[in-house]
Amino acid sequence: MNAVEVDQVSKRYLLGEDQPGRSLREAITSSLGDLVGNRRRRTRDEIWSLRDVTLTVGEGEAVGVIGRNGAGKSTLLKILSRITEPTSGVSRTRGRVTSLLEVGTGFHPELTGRENVYLNGVILGMTRRDIDRRFDEMVTFAGVERFIDTPVKRYSSGMYLRLAFSVAAHLEPDIMVVDEVLAVGDAEFQARCLGRMETAEREGRTVVFVSHNLDAISRLCSRAIWIEQGKIAAEGATNEVVESYLSGQVDRAVAGASITDPHGSVVLHEVRIIDPSGSPFSFIDRAERFSVETRFSILHPVPGLGVGIYINTRKGVEVVNEGWFDTERQRPSDPGQYVARLDFPPVLNSGEYIVGVWMGTMYETFIDVPTALAFRLAGDTDDRPKRAVVLGLPWTVTRIDSRSDGNVVSPDSEEP
Amino acid sequence: MRPSTHASEWIENSPDRTHRPDFGELWRHRELATFLALRDIKVRYKQAVFGVAWAVLQPLAGVVVFTVVFGRLVNVPSDGIPYPLFALIGVAAWSYTSNGVARAAESLVSNSALVTKVYFPRLLAPVASILPGLLDLLFSLLAIGVFLAIYQVRPTWAIVTLPLWLLMMIVSVLGIGLWLGTLNVSYRDIGQAIALLIQMWFFITPVAYPSSIVPPAWRAFYFVNPMAGMVEGFRWALAGTPGPGAYVLISLSSMALLIVSGIALFQRGERRFADVI
């Protein structure tokens with residue numbers, strides 16, 4: 061039994077002359093101009109936000125939708141929610157649909173928390189009776205009992221979010237369509253959001269979830285869909301789709317062609333990750349060693365050429381930045397083809413990383429590709445997801461009060 | 237409440253859907269209209285300097301100005317009743333009309349966050365926007381009652397028709413509001429023109445003067461303005477003035493035309509609201 065069916069849906073937005081919000085005066089003069097025969101170039105630039113998208117979601121399934129910004133994910137959700145119409149194709153849903161495209165839709169700063177809960181609840185589709193019934197639950201969940209009768213403009217942003225989310229969390233839709241609500245709020249809030257969605261899934265509701273948070277998607281959704289430039293690039297089991305997505309996050313320039321620097325002195329051919337035996341892979345366990353291999357050519361002698369590899373987490377924290385300059389033993393300032401390899405012990409925590417490559421001298425950058433390659437280190441984060449490195453450093457624990465034998469408590473064996 | 241998908245039917249979203257308004261759906265979402273209206277009322281009164289008293293003070297201030305300017309200075313006739321009473325009735329009706337139309341015209345744009353993020357039958361936005369004015373109108377009616385007592389003007393049997401006139405005023409305001417509201421989404425300068433439009437419209441509506449001073453040759457044309465018939469009828473019902481007579485049929489036709497075309501235009505434009513706002 062399907063809950064959602066999308067059949068060859070396309071959505072086109074027009075750019076150019078027909079811009080929204082233009083004035084009536086302009087509209088009239090341009091129509092008059094047409095009548096007079098003004099050979100005005102009808103610049104109808106169009107952008108296809110979605111192109112022939114077809115997918116289904118079964119009843120009770122949780123499906124994740126991933127993709128880059130601007131790929132068309134939000135447009136798809138808007139079409140599912142009937143907020144906008146497709147240009148062609150049909151989208152069908154079965155059952156009550158609630159869309160969480162934004163938390164706190166309709167909240168008005170002058171109204172109290174209580175008034176806003178009712179307003180927001182009705183906006184999201186609850187009846188007044190439903191809200192009466194669940195009002196106390198919602199307020200308790202948000203933890204704002206003391207402030208419920210104060211105007212919302214006095215709330216801290218945290219309270220605001222918690223209250224707004226609380227209303228949404230107590231909806232009882234058949235189909236939940238959620239867009240990136242995890243992007244706002246602190247870690248606790250995000251954890252609650254996710255928890256609520258897991259509960260919804262257990263209750264048998266259908267969930268369609270758009271997020272950039274691939275961990276959340278992996279946890280919650282059994283199936284995933286990757287949308288790239290308005291089309292479905294991959295669909296299937298979440299792990300596989302996330303994998304393809306990450307491997308696909310390669311900067312076009314390096315993936316296809318080589319990059320030459322503006323002076324024409326060096327050419328960057330390829331960056332890849334290889335296992336200790338030299339074979340490439342993009343799916344590595346965090347407990348394994350790996351290397352980053354850079355292939356480049358030098359066309360003209362470059363004194364003091366250096367190569368740098370830097371690695372950022374998905375959230376933009378730079379965890380590694382290693383550079384090498386030819387002031388050391390080898391002097392590859394001679395023209396030729398080279399391979400530079402940087403070996404990594406298993407120190408990075410699991411998660412997604414983006415590799416950047418830099419080539420230049422002490423004084424000048426020749427080539428810099430911040431998103432040359434993406435890879436994922438699989439493995440358990442051991443309940444410590446925020447740490448960047450897993451070093452297994454030695455502990456020394458000594459007892460310092462008086463004891464007859466004065467023994468030293470031996471340190472733990474190396475434990476990541 | 238467990239999900240009940242097996243009981244439901246498919247709801248479709250495609251470019252072929254006919255755009256007749258789904259009255260069943262509108263009725264199911266009626267609470268939203270009242271909540272939106274309540275929201276506007278609450279926000280207005282929380283921000284107003286004199287609070288609820290403003291609802292009465294405003295029309296009374298209008299009456300004072302009109303009586304001085306039109307009643308004394310210009311010496312406009314007032315259909316047999318004291319000018320202040322004449323003016324109050326006109327001001328009450330006009331207040332509702334001008335505010336209602338202005339609000340309805342803005343209703344989609346000012347609720348753009350809702351339009352782009354939540355599904356609801358969009359027709360509810362302008363409908364909700366003309367509801368708060370009814371509260372002010374109610375207060376004005378109380379004031380009118382007081383004035384009737386003060387001037388010892390006895391309402392005739394015609395007062396029974398008062399609800400009908402109110403209904404017709406509401407429908408007219410909605411019709412015009414739908415037109416302006418739909419246009420405003422695509423052409424944002426309409427909002428600026430509205431203030432001017434309303435001002436001019438005021439002068440061709442019998443608010444400060446009776447329609448009896450309009451030359452008979454022009455009268456039929458005059459009553460094409462639906463508010464002409466409504467205001468005269470409203471005054472007739474409350475204070476026994478001559479009223480619009482048969483000319484009301486012209487106003488009624490205008491009203492019918494406006495509301496039907498307004499809904500049609502709105503429903504056609506609705507598909508693009510979320511994209512264009």
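Protein chains in written order, with this note's numbering: chain H, 61 to 476; chain L, 237 to 513.
Ideal Cβ placement from N, Cα and C applies to all residues, glycine included.
This structure is a prediction, so every number in the text was calculated from the model and none was measured.
Proximity of the segment 203-220 of chain H to the segment 173-182 of chain H meets the contact definition, three or more beta-carbon pairs being nearer than 8 Å. Inside the segment 416-464 of chain L, DSSP marks whole alpha helix (DSSP H) runs of 4 or more residues at positions 426-439 and 452-458, from first to last along the chain. In the DSSP assignment, H/Q397 forms a beta bridge with H/S357.
Distance from the Cα of L/Y355 is smallest, within the candidate group H/S318, H/S141, H/V407 and H/V352, for H/S141. In the structure shown, H/P430 falls within a strand segment according to DSSP collapsed to helix, strand and coil. Listed in chain order, the non-local C-beta contacts of L/A364 below 6 Å within the same chain comprise A269, L272 and A273, local neighbours out to five positions each way being set aside.
A straight-line Cα-Cα distance of about 42 Å links H/V450 and H/V113. If you look at L/Q388, you'll find it isn't in any beta strand (DSSP E); DSSP assigns it neither H nor E.
One thing to note: H/C281 has its Cβ within 8 Å of the Cβ of H/V123. For the segment 351-366 of chain L, the set of positions with a beta-carbon nearer than 9 Å to some beta-carbon of chain H reads V351, T352, K353, V354, Y355 and F356 in chain order. When the five nearest sequence neighbours on each side are left out, the beta carbons in the same chain lying within less than 6 Å of the beta carbon of H/N372 are those of E378 and I414, in order along the chain.
At least one CB atom of chain H sits nearer than 8 Å to the CB of L/A510. If you check the CB distance, L/L488 and H/I183 do not come in under 8 Å. H/T200 and L/E506 have their alpha carbons spaced roughly 38 Å apart. Across the structure, H/R111 and H/A293 are spaced so that their CA atoms are roughly 11 Å apart. Selection H/D192, H/E303, H/G164 and H/P146 evaluated against H/M219 yields H/G164 as nearest (Cα-Cα). Here the C-alpha atom of H/R188 lies approximately 28 Å from the C-alpha atom of H/V244. Across the set L/V327, L/L293 and L/A291, the C-alpha of L/V327 shows the shortest separation from the C-alpha of L/E468. DSSP, reduced to helix, strand and coil, places H/G383 within a strand of the structure shown. As computed with DSSP, H/D67 is found in a beta bridge with H/V150.
Three or more Cβ pairs closer than 8 Å define a contact, and the segment 143-162 of chain H falls short of that threshold against the segment 298-306 of chain H. Taking the Cα of L/A379 as reference, the smallest distance to any Cα among L/Q294, L/P362 and L/F259 is reached at L/Q294.
Contact annotation: H/D234 and H/R265 have beta-carbon atoms nearer than 8 Å.
Non-local C-beta neighbours of H/K133 in its own chain, meaning closer than 8 Å and more than five positions away in sequence, comprise V125, I126, G127, D239, V270 and I287, ordered along the chain.
K278, V279, K282 and Q283: these are the residues of the segment 277-289 of chain L whose beta carbon lies less than 8 Å from some beta carbon of chain H, given in chain order.
Closest in C-alpha terms to H/E170, from the list L/R275, L/R455 and L/S376, comes L/R275. Neighbours of L/R339 in chain H, taken as residues whose beta carbon is under 9 Å from its own, are absent, since the nearest beta carbon is some 16 Å off. By the rule that beta-carbons nearer than 8 Å mark a contact, H/G149 touches chain L.
The segment 306-321 of chain L makes no contact with the segment 454-467 of chain L; the number of CB pairs closer than 8 Å stays below 3.
From the beta-carbon of L/L268, the residues of chain H found nearer than 8 Å are V182 and I183. Against L/R504, chain H offers no close residue; the least beta-carbon distance is about 12 Å (beta-carbon pairs closer than 7 Å). Within chain H, not a single residue places a beta-carbon under 7 Å from that of L/F259; the smallest gap is close to 17 Å.
L/F302 counts as buried, since at least 16 other C-beta atoms from the protein chains shown sit within 10 angstroms of its C-beta.
Residue pairing by DSSP puts H/T116 in a beta bridge opposite H/E65. Nearest in C-alpha terms to H/G368, of all of H/H360, H/S339, H/R401 and H/Q397, is H/R401. With a threshold of 16 other beta carbon atoms within 10 Å, L/N335 meets it and is buried.
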